[in-house]
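Chains as they are written, first to last, in my numbering: chain A, -6 to 105; chain B, 330 to 444.
Structure record follows, encoded as C-alpha cells.
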C-alpha cells in the first residue's frame, strides 16, 4: 500500500481565499483523522471520522473550517475564508479502531 | 488540564546514555497508548504501542504503562545522535461501546543526543 496520501504538499494562498486539502487513507482503515500542527500548539486533533461518519469535530477552530468524507477512500478539509493564523502543517492520518495511526506527509499551508 | 501532557524539553543526553521520556493523561477510559517520533519537517512515525500495564520492550526501546497513575513512559537505551527528534505521546480513548476512536497527542518532548 502507498500509505496515506495528502495533496497538495504545499499551498500558499491569499487571505480570504478558499483552501481545500485532500487525503486518501490507507485501504481498509476505518478511522480517519485531521490534525493541525504549529510550534505554539503542537499537534491538535481537528476532527475524526469512523466508517466515513464524523464522530467528533470539537477541535475544529471555527465555522470557517469544514471536513467531509464522502467515501472510504477520500476526505477533504476546507477552509473558507482563509486567514493568516490558519498557517500551519495539516496532517491526515488513518487507522483501524484501537490501532496505531499512520500519517500522511502533511500539507504546509501558508496564508499571506 | 490538558488531555495528554509532556515536558517540552529539550531533554539532552550524551550518546550511549538512557533517555527517559514521560507522559501523563487525564482520561481514565483511555485504552491504547502510543509513542511516535517526529523528525524536523517530517510526519510522525510510530515507535511503540502499549495496551496493558507493565513494560513492553522492542530493541532499544521500552514503553511503560501505569494506568492507576495515568502515566506512560518511553526509555531509549544506548541513545544515538540519530535518535534526536521530537517524541510524541498519543492516547486513544474508546467510547460508545468501542465504536469510536479518538487519538489525542501531547505536545511532544524534544530529545537531543549529544555525540
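From the three backbone atoms N, C-alpha and C, an ideal C-beta is built for every residue, glycine too.
{"query": "Contacts that residue 38 of chain A makes with chain B (C-beta to C-beta distance below 8 Å)", "result": "431, 432, 433, 434"}
{"query": "C-alpha gap between residue 394 of chain B and residue 421 of chain B, whole angstroms", "result": "14 Å"}
{"query": "Reduced DSSP secondary structure (H/G/I, E/B, other) of residue 361 of chain B", "result": "strand"}
{"query": "Cutoff 8 Å: residue 378 of chain B Cβ touching any chain A Cβ", "result": "yes"}
{"query": "Residue 348 of chain B - containing beta strand (DSSP E), residue span", "result": "348 to 354"}
{"query": "Local conformation of residue 49 of chain A per DSSP, three classes", "result": "strand"}
{"query": "DSSP beta-bridge partners of residue 407 of chain B", "result": "Residue 407 of chain B is not bridged to any residue."}
{"query": "3 or more residues per run - each beta strand (DSSP E) lying fully within the stretch 7 to 80 of chain A", "result": "12 to 17, 24 to 31, 35 to 43, 46 to 49, 58 to 64, 67 to 72"}
{"query": "Option nearest residue 90 of chain A by Cα separation, candidates A:45, A:36, A:12", "result": "A:45"}
{"query": "Exposure label - residue 3 of chain A; buried when at least 16 CB within 10 Å", "result": "exposed"}
{"query": "Cβ-based contacts, 8 Å cut-off: residues of the stretch 82 to 102 of chain A near chain B", "result": "84, 86, 88, 90, 91, 92, 93, 94, 95, 96, 97, 98, 99"}
{"query": "Contact under 8 Å by Cβ, residue 411 of chain B with residue 441 of chain B", "result": "no"}
{"query": "Within 8 Å, strictly: CB atoms of residue 68 of chain A and residue 103 of chain A", "result": "no"}
{"query": "Reference residue 402 of chain B; option with closest CA among B:349, B:408, B:419, B:338", "result": "B:349"}
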